[in-house]
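J.:
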Amino acid sequence: GNSVTQMEGPVTLSEEAFLTINCTYTATGYPSLFWYVQYPGEGLQLLLKATKADDKGSNKGFEATYRKETTSFHLEKGSVQVSDSAVYFCALRVGAAGNKLTFGGGTRVLVKP
Amino acid sequence: GAVVSQHPSWVICKSGTSVKIECRSLDFQATTMFWYRQFPKQSLMLMATSNEGSKATYEQGVEKDKFLINHASLTLSTLTVTSAHPEDSSFYICSAYPIGQGTKDTEAFFGQGTRLTVV
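Note that the protein sequences, when read in sequence, are chains X and B. Following the working numbering, the numbering of the first sequence begins with 1 at its first residue and continues without gaps. Following the working numbering, the numbering of the second sequence begins with 1001 at its first residue and continues without gaps.
(1) Quick one: Cα of N2 (chain X) to Cα of A91 (chain X), how far?
(2) Are P1086 (chain B) and V1118 (chain B) close, meaning C-beta to C-beta below 8 angstroms?
(3) For chain B, find out if any of its Cβ atoms is closer than 8 angstroms to the Cβ of F103 (chain X); answer yes or no.
(4) Rounded to whole angstroms, what's the CA-CA distance from T65 (chain X) to F1034 (chain B)? Just pull it up for me.
(5) Starting from the beta carbon of F62 (chain X), find every residue of chain B whose beta carbon is closer than 8 angstroms, and list them in chain order.
(6) So the beta strand (DSSP E) Y978 (chain B) belongs to, where does it begin and stop?
(7) At which residue ranges does the stretch 1012 to 1080 of chain B contain complete beta strand (DSSP E) runs of 3 or more residues, listed in the order of the chain?
(8) Can you pull the chain X neighbours of F1110 (chain B), defined as C-beta to C-beta under 8 angstroms?
(9) Would you mind reading off the limits of the beta strand (DSSP E) that contains R108 (chain X)?
(10) For a contact defined as C-beta to C-beta under 7 angstroms, what are the partners of F73 (chain X) on chain B?
(11) Over what stretch of residues does the beta strand (DSSP E) that includes F62 (chain X) continue unbroken?
(12) Does DSSP classify V1119 (chain B) as helix, strand or coil?
(13) I'd like the list of long-range same chain contacts for G106 (chain X), defined as Cβ closer than 8 angstroms, with 5 residues on each side in sequence excluded.
(14) Taking CB distances under 8 angstroms as the criterion, tell me whether S1043 (chain B) reaches chain X.
(15) Just to check my reading of the structure: M1045 (chain B) and Y1036 (chain B) have Cβ atoms closer than 8 angstroms, yes? What is that Cβ distance to the nearest angstrom?
Laid out in C-alpha cells, this is it:
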C-alpha cells in the first residue's frame, strides 16, 4: 500500500533559522507529492507540489525536491518567520486527481521571535 | 484559487443527538468529495469518498450507519454524525477536486474544517 513518513515534531526554531522537515514515502505506483500547511483551527492549504522525479516545488520561500532514488520529498526553508508556525503535512497521490491523498503524520513547527 | 466552505465551523451537541456538517464548493463543481477526520495533534484519516449521485465509499473501520454521507449535487456534500458520542468529538475536514481537472498536477481544495464537541 501507500504510506508517508515524516519526522515527528514539534520542531522549535528561532526566527531566521533554517528549517528542514524530512518526508519519505512508499507507493504502489508513480505518485504526485504534496506539502500542505495547516494553521491553528483551520483546514489545509497547499504549500507546494511535484509530479515527477527531480521536480522542485517552491512557494513562499519553501522548497522540496522529488527524489525518486531515495523516495523522499523533504521540505526546506532558509529563513523562517514567526508566521511560519503551523503544522506541515507531506502527502502523496497515485494517479490523477480524484484519487485519495495519503498523509504523513504531520510536523508541528513553532518559530519563536 | 478555488474555495471550499464548511458549515458550521464548530458545533457542540449532546450525546445521542445527530449533527450535520455541510461541505460546499463555492466556485467549482465536484463529482467527488472526501471526508477526513483529524484527532488532536494527529494526521488526517480518510473516512469516506463522497460521490455525486451515488453511494459513498467508506474506508475500512468507518461505520457507514454512524457517519452518513450524502452528495446530492455537484457543489454540496453532507456528513451526518448520528447518535453522537463523546468519542466522536474531532475535527472533520472535507476536500474536493474541480471537475475536468483530472491530471496529476491538480490539487485538492480543503474546507476550513468543523470542530465537533459532543458533551
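Yeah, the Cβ is synthetic: ideal placement off N, Cα and C, and Gly gets one too. Here the structure is a predicted model, which means the values were calculated and not measured.
T.: A quick look at the data gives this:
(1) Each residue's Cα considered, the two are about 10 angstroms apart.
(2) Cβ atoms of P1086 (chain B) and V1118 (chain B): closer than 8 angstroms.
(3) yes
(4) When rounded, the separation of the alpha-carbon atoms in T65 (chain X) and F1034 (chain B) is 27 angstroms.
(5) Under the 8 angstroms cutoff, chain B gives no residues; its nearest Cβ is about 15 angstroms from F62 (chain X).
(6) An answer regarding residue 978 (chain B) cannot be provided, because it is not within the stretch 1001 to 1119 covered by chain B.
(7) 1019 to 1025, 1032 to 1038, 1044 to 1051 and 1067 to 1073
(8) Correct list: Y36, G43, L44 and Q45.
(9) For R108 (chain X), the uninterrupted beta strand (DSSP E) segment begins and ends at T107 to K112.
(10) Correct list: empty, because the minimum Cβ distance to chain B is about 14 angstroms.
(11) F62 to T65
(12) Looking at V1119 (chain B) - three-state DSSP - the assignment turns out to be coil, as it is neither helix nor strand.
(13) Q6, G9, Q38, V87, Y88 and F89
(14) yes
(15) Under the criterion of beta carbons closer than 8 angstroms, M1045 (chain B) and Y1036 (chain B) qualify as touching, at roughly 6 angstroms.
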